[in-house]
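FYI, the numbering for the sequence shown is 13 to 115, going by this note's numbering. The C-beta atom is built at its ideal place from N, Cα and C for all residues, glycine as well.
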Amino acid sequence: LELATNLKGIISKFQSGVVMMDEVDLILHPLKSELNFPIGAKETIDFLQHGYRYQLPIFLLEAIFYAQHGDVRFAPHVGKSKNRLRLLDSIKAKIEEGYKEEE
Numbered sequence: 013l014e015l016a017t018n019l020k021g022i023i024s025k026f027q028s029g030v031v032m033m034d035e036v037d038l039i040l041h042p043l044k045s046e047l048n049f050p051i052g053a054k055e056t057i058d059f060l061q062h063g064y065r066y067q068l069p070i071f072l073l074e075a076i077f078y079a080q081h082g083d084v085r086f087a088p089h090v091g092k093s094k095n096r097l098r099l100l101d102s103i104k105a106k107i108e109e110g111y112k113e114e115e
């Protein structure tokens, strides 16, 4: 009965949670995964031209560290612009809101 109760909790987390996947290149590789079978012409990947594709995950991780510690020293790549700090504060507020809903 205890195992079933624990399993129920895990399944509910999967239904209401969000997944952050790493190794997307393996997940989306047509010969290494069953998730993707591309057809048609090749297209460039979004945000690849200026390095934004790689800067976004770093920014999101730093935003999580900022939310945890409340200090921009934990987000060195974010910079000190008012818009970026406002965005960090907004992400921090949403993370805190999520923790409050979890309680």
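- If only complete runs of 4 or more residues are kept, the region 83-115 shows the alpha helix (DSSP H) at 94-114, in order along the chain.
- Taking the Cα of residue 96 as reference, the smallest distance to any Cα among 74, 110, 111, 107 is reached at 74.
- Per DSSP, residue 60 lies in no alpha helix (DSSP H) segment and is marked neither H nor E.
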